[in-house]
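Numbered by the numbering used here, the letters in the sequence shown go through residues 7 to 202 in order. All C-beta atoms in this analysis are idealised placements derived from N, C-alpha and C, irrespective of residue type, glycine included. Here the structure is laid out as structure tokens; the discussion comes afterwards.
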Amino acid sequence: MEIKQSEFITSAVKPEQYPTDNRLEIAFVGRSNVGKSSLINSLTNRRKLVKVSGTPGKTRLVNFFLINNEFYFVDLPGYGYAKVSKKEKESWGKVIETYLVNRAQLKRIILLVDCRHKPSEDDKLMYSFIKHYGYSCTVVATKTDKLTKNELRKNIAMLKTELNLEEGDSLLLFSSLNKSGKEELLENIDSALKEI
Ligand SMILES: Nc1nc2c(ncn2[C@@H]2O[C@H](COP(=O)(O)OP(=O)(O)OP(=O)(O)O)[C@@H](O)[C@H]2O)c(=O)[nH]1
Ligand SMILES: [Mg+2]
């Protein structure tokens with residue numbers, strides 16, 4: 007699949023603000039600073055479609071981007087950022103949960119984790135949450151440019167074990183810096199869109 011067209015459509019907190027045209031959706035979720043915005047920019051060949059945050063935890067809304075005039079990329083708020091109040095954390099959790107429940111057109115969730123670290127409790131919770139709601143999940147290990155091949159191999163095994171990855175859910179590698187893993191991820195997204 008090639009992405010030829012991408013356009014920001016809307017930001018939402020409540021379901022009434024989501025697009026209503028029933029196009030299929032692919033959602034991106036992960037810790038704040040894990041590289042969600044950078045990854046979406048890489049996939050769409052745009053430098054500034056999504057703001058890459060100097061300050062983590064800036065994305066507090068559900069952002070919808072129309073891709074090739076066919077489907078949406080949905081950028082969800084980053085979780086787990088330490089420097090916010092408990093109340094604020096809860097409200098972001100709510101924004102994510104509200105979106106995930108009953109979203110029939112949501113075909114796949116891409117869960118981003120940093121390839122260098124053990125998944126956080128929030129990451130594990132998010133993965134079980136995704137499975138609980140019955141979605142297929144693709145885990146993407148980001149920032150692979152920061153590790154050697156050997157370190158990566160070890161960490162991939164570690165991530166699969168720690169997340170308790172179900173059969174059928176793939177784990178892909180990605181670097182927004184050198185664009186490695188891009189073709190494979192686009193293939194993965196394409197197949198999700200073609201699933202009945
Ligand atoms: N080396 C390297 N740095 C990356 C990569 N992806 C993202 N970064 C850097 O990581 C930081 C966070 O990236 P973002 O794309 O803004 O992360 P985010 O997940 O959208 O963060 P929030 O919107 O706060 O949830 C930025 O400084 C990026 O330049 C990558 O693949 N390699
Ligand atoms: Mg972001």
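Exercise for the section: Flag this pair as yes or no: are the beta carbons of T16 and F70 separated by less than 7 Å? Expected result: yes
Exercise for the section: Consult DSSP for V80 and reduce its assignment to one of helix, strand or coil. Expected result: strand
Problem - Sheet register partners of L30 (DSSP bridge) - result: Answer is none; L30 lacks a bridge partner.
Handout entry: C-alpha gap between C121 and K155, whole angstroms
Key = 11 Å
Problem - Three-pair Cβ contact test at 8 Å for the segment 38-50 versus the segment 105-115 - result: no
Handout entry: Where S12 sits in the DSSP three-state scheme
Key = strand
Handout entry: Cβ-heavy atom distance, S126 to ligand 2, below 6 Å
Key = no
Problem - Beta-carbon separation (whole angstroms), L177 vs D151, contact threshold 8 Å - result: L177 to D151, Cβ: 17 Å. No contact.
Handout entry: Extent of the continuous alpha helix (DSSP H) run through D129
Key = E127 to H138
Exercise for the section: Identify whether D224 lies in helix, strand or coil by the three-state DSSP scheme. Expected result: No information on residue 224 is available, as it lies outside the stretch 7 to 202 that the chain covers here.
Practice task
Please find out if some non-hydrogen atom of ligand 3 comes closer than 6 Å to the beta-carbon of V40.
Solution key: Ligands displayed in this structure: ligand 1 and ligand 2; ligand 3 is not among them.
Problem - Residues that DSSP places opposite G41 in a beta bridge - result: None, per the DSSP bridge assignment.
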